[in-house]
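Chains as they are written, first to last, in UniProt numbering: chain B, 1 to 248; chain X, 1 to 285. Using N, Cα and C, we set each Cβ at its ideal position, and we do this for glycine too. The structure appears below as C-alpha cells.
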Amino acid sequence: MKTKLSAENLNISFATKQVLKNVSVEFEENKITALIGPSGCGKSTLLRSFNRMHDLVPYAKIQGSLKLEDMDIYSKNVPVTEIRKRIGMVFQKANPFPKSIYDNIAYGLKINNLPHDKSVIEKALTEAFLWDEVKDDLKMPAHRLSGGQQQRLCIARAVALRPEVILMDEPCSALDPVSTIKIEELILHLKEKYTIAIVTHNMQQAQRIADHTYFMYLGEVKESGPTQDIFENPKHEMTKNYINGVFG
Amino acid sequence: MQHNKLRLSSIVEWGTLVGTTLIVCFFLVVIILEIVAKGIGSLSWEFISSIPKEGMTKGGILTPIIGTVLITLITALFSIPFGVFCAIYLNEYAENNWLTRTIRAAIRNLSGVPSIIYGLFGLALFVQTLQLGTSLIAAGLTLGLLSLPYIITTTEEALMQIPNSTREAALAVGATKFETIKDVVIPSAVPGILTGVVLTLSRAAGETAPILFTGAAFYISDTNGYINQEFMALPYHLYMLSTQHQAIEEVRPIAYGTALVLILVVFLLNLSAFYIRYKFRKNEN
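This is the structure in C-alpha cells:
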C-alpha cells in the first residue's frame, strides 16, 4: 500500500488557540479515509491544511510536515495553485460558482490552461453521475439545480482537474437521504481513480464507505485503523462512547 | 377589562405607526403633485430640446440638461473606478487592523459631510490649486469626491454579502486570489455594486452646492459643453430661476418645468437601479 498524502507532527494554531496537537495521519492511495470526531475536534482544520486553505487566515500558524507523496505541500518552491490543482476539495455546503453548469466545470480547466471543450465537460459530469440529468441544460445557472445535484456538480468540478486527491468536508451534511446515498455511491466509484479523505459526522456513512478511519478528539488523533476495527473493536473507551453516540 | 386595555394599547400603537407613515406619504405626494401640476404645462419636446432664450424667460432647458448629463458622466468616470477599486482593496485585501478600521471609519464619516463643504474643498483644490478654473471638469471631480464614500460603502457591502464559501470554491480549483476576485466575487456582487452606483449618481445629479463655486454658470449661450469651461446644470438652473432671476414671476413656469425634468431624471435613474436588482434576482432563482 502506497501512502499518497500524509501529515507528520502537525500543529496548527489560530492566534492563541491550538487546534491540532502533534497530529500524524497517512492516507493510502485509492482508498477512502474517514476523519470522525465530535465538533471542534479539528478534523476540518486538518483536512483544509492539505490544500492550504488556511493560507487565507493571517493568524494561522502551521508547523509540521505535510506531504503529497514526496512533495512538501508547504514548500516555497511549489505554487499554491499547483497544490490545489492536484488536491481537490468538496465543501460542506455545495458552493457552485454563480455561472452556468457548463462554466462551473470549464472555469477550473480554463484558469489551469487545460483543455475545456465539451467532451472534457461531459466526461467530468458523467464521472460525477450528473450528465444524464443536466445534458440538455448546460447553459442553465447552476443555482437552479437541487442541493444534491449542486454537490455532484461540485464533485464534477473537482474531478475535471484530474486531481490526485479529493478532500471532502462533510459533503452530505446538508443533503437528504436519497441524495446522500447517491453521493456515497459516487465516492465509492471515485476511489478507483482518486485518493479520498472525507470528514463526516455520520457514523453509518463512515462504515459504509471508508476503508480507514481516524478518530479525533480535542485536536489529537485518538485512534486509527481499518474502519471495521474502529467500529467493531474500538481500543479506547472514548472512541467507543463516541461511535455509540454517548457524546458528540 | 384586561382584554380591553390590551386592545386599546394595540390600537394606539398601530395608529401611531400608520399615522406617521401616512403623514410622511402625504407631504411626499403633495410635493410631487405640486411640481407635476405646475410643471406639466411647460413640458414639451420644445422645452427639452431648445436652449434658454430672451434672458431665460423663454425657450427651453437643453443647455442645463446637457450640462447635467455631462457632469454626471464625469462624476461616474472618476468615482466608479476609484470607489469600486478602493472597496475591493478594503474588503478583499486589507488586513483587519487599526489602520484599515480607521480608513473605513473615515470613509463612513465622509458620507456625512455637508455637500457645501465639498463645494468649498473643490474650489480650493481643483479650481485654484490645480488651476482647472471654474469648469465642467472641476465640478465633475468635486461631485466625484462627494460620491466616493457612498460608492465605496455600497460596494463594500455588496462584496460582504458574497459568502466566503464562494471564494473558497474558486481557490480550491487553483484560482489565484486575483482570479477569484475577478472571476467569481465581483460578478456575484455586480447587482449590489450597480445599484449603489446608480443611486449615488442620481444623488450627485441633483446636487447644487458642490457645483455652485466650481463651475455652474448662471447662463451660457452655447451647448458645446467643453470640459474646461463653465456649464449650466438642472439643479443650479432651478435654484437660480427660483431665487436669483430678475423676472421671478415670469420664469416661474420654467422653474417648475425644470424641477419636473430633474425629478424625472432622478426617478428614471432610481428606476433603472430597481430594474437591475430585479433582473439579477430573477436570474439567480
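Per the DSSP secondary-structure output, T153(X) pairs with nothing in a beta bridge.
Membership of T213(B) in any alpha helix (DSSP H) is not indicated; the residue belongs instead to the beta strand (DSSP E) covering H212 to Y217. Listed along the chain, the chain X residues whose CB falls inside 8 Å of the CB of G88(B) are A172 and V173. Leaving aside the five residues that flank L199(X) on each side, the residues in its chain whose CB is nearer than 7 Å to its CB run, in chain order, N270 and A273. Under the three-state reduction of DSSP output, K67(B) falls in the strand class. By the rule that beta-carbons nearer than 8 Å mark a contact, A169(X) touches chain B.
Setting aside the 5 residues that flank it on each side, L188(B) is surrounded in the same chain by I209, each with a C-beta closer than 7 Å to its C-beta; the list follows chain order.
D169(B) carries a strand assignment under DSSP once its states are collapsed to helix, strand and coil. Taking a beta-carbon distance threshold of 8 Å, F97(B) counts as an interface residue toward chain X. With 16 or more neighbouring CB atoms inside 10 Å of its own CB, P163(B) falls in the buried class. Cβ-Cβ separation between G148(B) and I183(B): approximately 7 Å, consistent with a contact (criterion under 8 Å). Here the alpha carbons of F91(B) and I12(B) stand approximately 20 Å from one another.
Only those residues of the stretch 87-98 of chain X whose C-beta falls short of 9 Å from the nearest C-beta of chain B are listed: E95 and N96. Inter-segment contact for the stretch 9-28 of chain B and the stretch 48-62 of chain B is present: three or more beta-carbon pairs are separated by less than 8 Å. Looking from the CA of Y194(B), the closest CA among G88(B), S75(B) and V25(B) belongs to G88(B). Contact annotation, K43(B) with M216(B): C-beta distance approximately 5 Å; criterion of less than 8 Å satisfied. Rounded to whole angstroms, the Cβ separation of G174(X) and R84(B) is 5 Å, and the two are in contact under 8 Å. Among the bridge pairs identified by DSSP, I32(B) is matched with I196(B).
Neighbours of S188(X) across chain B, judged by C-beta separation under 7 Å: P98. Interface with chain B (8 Å Cβ-Cβ cutoff): D183(X) is included. The shortest C-alpha to C-alpha distance from H212(B) to any of L218(B), E220(B), D169(B) and G225(B) is the one to G225(B). Taking E207(X) as the centre and dropping the five residues before and after it, the same chain places the C-beta of S115, L143, L146 and P235 closer than 8 Å to its C-beta, in chain order. I11(X) and I31(X) have their alpha carbons spaced roughly 30 Å apart. A205(X) has no beta-bridge partner at all, per DSSP. By the Cβ neighbour-count rule, R101(X) is exposed, with fewer than 16 other Cβ atoms within 10 Å of its own. One thing to note: R108(X) has its Cβ no nearer than 8 Å to the Cβ of L90(X). Annotation for A34(B): I198, T200, A206, A210 and T213 place their beta carbon closer than 6 Å to its own, counting only its chain and skipping 5 residues before and after. The DSSP-derived three-state label of F231(X) is strand.
Taking a Cβ-Cβ cut-off of 8 Å, the neighbours of L161(B) in chain X comprise V173 and G174, given in sequence order.
Linking K235(B) to E185(B) through their CA atoms gives a straight-line distance of about 30 Å. In this structure the stretch 124-139 of chain B does not lie against the stretch 163-172 of chain B, because fewer than three pairs of beta carbons, one per stretch, are closer than 8 Å. For V84(X), same chain residues with a beta-carbon under 6 Å away, outside a window of 5 residues either side, are T155 in chain order. Proximity to N104(B) across A170(X), P253(X), D222(X) and T68(X) peaks at A170(X), based on C-alpha coordinates. With contacts defined as CB atoms closer than 8 Å, L138(B) and Y102(B) qualify as a contacting pair. A Cβ-Cβ contact shorter than 8 Å links L46(B) with L20(B).
In the DSSP assignment, V25(B) is bridged to A7(B).
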